[in-house]
Structures are given as C-alpha cells and as structure tokens.
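Numbering (the numbering used here), first residue to last: 113 to 428.
Note that beta-carbon positions come from the ideal geometry of N, C-alpha and C, so glycine has one too.
Remember, predicted model here, so these are calculated numbers, not experimental data.
First up is the structure itself, then whatever we jot down about it.
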C-alpha cells in the first residue's frame, strides 16, 4: 500500500493509499472512484476508505445502484454496530432511517446527527433512492477546520464550554412558514420528539482516532451549560458562524444510487430544501459511537430522564 499524501492538491485526482480520490473542496470532501461498495469489500480496500474518511471527513461514491436496503446495512456493519434512530421508527424492520420529503423528512438546518444522545453515531452512510430533477443538494461543514479557524482567545473559551443538546430543539427556527403548516412536517416533528432526550457535551471534543479538536454544535443545541439563554444565543451564534463559513464546506449534487459517508464526529451537514414538491428519498444507517470527551478529559453526560431510559429498556 502506497503512502498517504498528507496534503494533496485541491481539485485534482490524487491517491489516498490504493483509492482513486478526487477532492471536492479545499477543506472537506472527496469523491472515491472505482469502488463497488458492499459488505464483502476486501479488507485492504475498506481500510483505505477508513483512512480517507478520517482525512477528508466526507466521501462520495457515484454509481452504487446495486445497493439495496440489505446490502447498505451489510456495508454499514463493516464500520461497527448499526444503531437505529432513537425516536423515528426504522424502515420495515431494518435499522435504516428513511427521509422522505413527502412525509416531513427534510433536514434543512445545520446539525450533527443525533447529538441529543450521550454517545452519538461516529459515522453516517446515506444512499440516494429518489432524487428530484433539480435542487436537494446536501452541504457538509468541517467542524475541525471551524475550530482551527477560531482566534486563540475564542479557542480557549470554547475549550471550557459545555452545551445541552435535545431533540426538542427550536424546530420553528429552521423552517419556513409553509413547512410548519404542512401536515407531514407536523407529524414528523411529533414522532421525532415523542420521547425527550438530552445530553450535555463539551463544545470542543477530542477525536478518538485523530486527536483533532472539533466543535460540537448544530441545531440540537438548546443552551450552554451554566449560561443564560441570552448569553448562550450570542456565544453559540459566534461559534456556529465559523462552522458554516463557505470555505469550510462542500456541496454534493445527488444522483440516484449515490452514497455519502461522513465522520459524524467532525462534521455538520444541511440538506437544502429548494426542490418544492418534487419527491426526494434518502436512506441512512448510522454506526454506534463513543462517549465524547473534552479538552480537559471530562466526558459527555446523559441528561435524559430515568423514566424515559427505563421505558426504552423495557421496549428493547
């Protein structure tokens, strides 16, 4: 296996180990060419994909129409334990989360997946099933680059902060009036918040594999621990503005059969809701993650009510 290039030239074909890599932006994102994803990938190919993911944060694969629900899950198991969404029912007895635009599945706000859980997913794998003829792109942001872009004084402050995340976030703040009036959106919100889940995370987590520091923010954040709602709003706005700076982002134009894999510990993403009443369906599997810890070593804390956890255990 050839050496990994530490700094490949942007927007040119490069090689990460044995993979054919095409970088998509300066700080995040790469397309992997010539790989047919499956649960039976050769170990050396899978290892190369993992290395590339840690480096590029999100990887894109075109032409994966051979994948069905079963095969997507089989590929996901190579990464670790599949974890279903904690509140939205999985599709047809699988562990897949289906996001269907006709049933309220439009994730058009900046977020990291499921941060209202104390050990949120490490990796997400999304497959395009139905794609509108226009619009519906997804944008990812590099939260490591966002942290690195902070002035030193702001880094020092962020290193000390902790934030409370919940699934009952300010839903209206990220939706247009027409969305809020939509019956499918209303029902989806009811299902999403049917159990109230909360976790306290460090605002800056240390990546367990790379040692990089990244910002843990996004629309599930309710407030900063120990700070008023007013002060929290201002501080969070400043920090989040560094995440979605265009220089830290990459956008992907979906076609049917595309697969995106992202490091959920080092990214946020936003599904652009600009395709009107056109149909869009994507299916996601998520891989179990670890409990984050901050710069000071203090771990995240589960704030979910014991009665909710007891009900979950009884239903398992």
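Pairing residue 402 with residue 196, the inter-Cα distance amounts to about 15 Å. Look at residue 316 here: in three-state DSSP terms it is strand. Pairing residue 413 with residue 302, the inter-Cα distance amounts to about 25 Å. DSSP places residue 380 in the strand class (E or B) of the three-state scheme. Every beta strand (DSSP E) stretch that sits fully inside the region 208 to 290 and reaches 3 residues is listed by chain position as 209 to 212, 235 to 242, 250 to 254, 274 to 278. Listed in chain order, the non-local C-beta contacts of residue 385 below 7 Å within the same chain comprise 218, 220, local neighbours out to five positions each way being set aside.
Taking residue 271 as the centre and dropping the five residues before and after it, the same chain places the C-beta of 316, 407 closer than 6 Å to its C-beta, in chain order. When secondary structure is reduced to three states using DSSP, residue 158 falls in the helix class. With 16 or more neighbouring CB atoms inside 10 Å of its own CB, residue 375 falls in the buried class. The bridge partners DSSP lists for residue 173 are 371.
Under the DSSP assignment, residue 143 falls in the beta strand (DSSP E) whose first and last residues are 142 to 145. Here the region 204 to 216 lies against the region 379 to 398, with 3 or more beta-carbon pairs under 8 Å apart. Residue 325 is classed as buried because its beta carbon has at least 16 other beta carbons within 10 Å across all chains shown. Separation of residue 202 and residue 396 (C-alpha to C-alpha, rounded to the nearest whole angstrom) is 10 Å. Residue 134 carries a strand assignment under DSSP once its states are collapsed to helix, strand and coil. Here the region 304 to 323 lies against the region 261 to 275, with 3 or more beta-carbon pairs under 8 Å apart.
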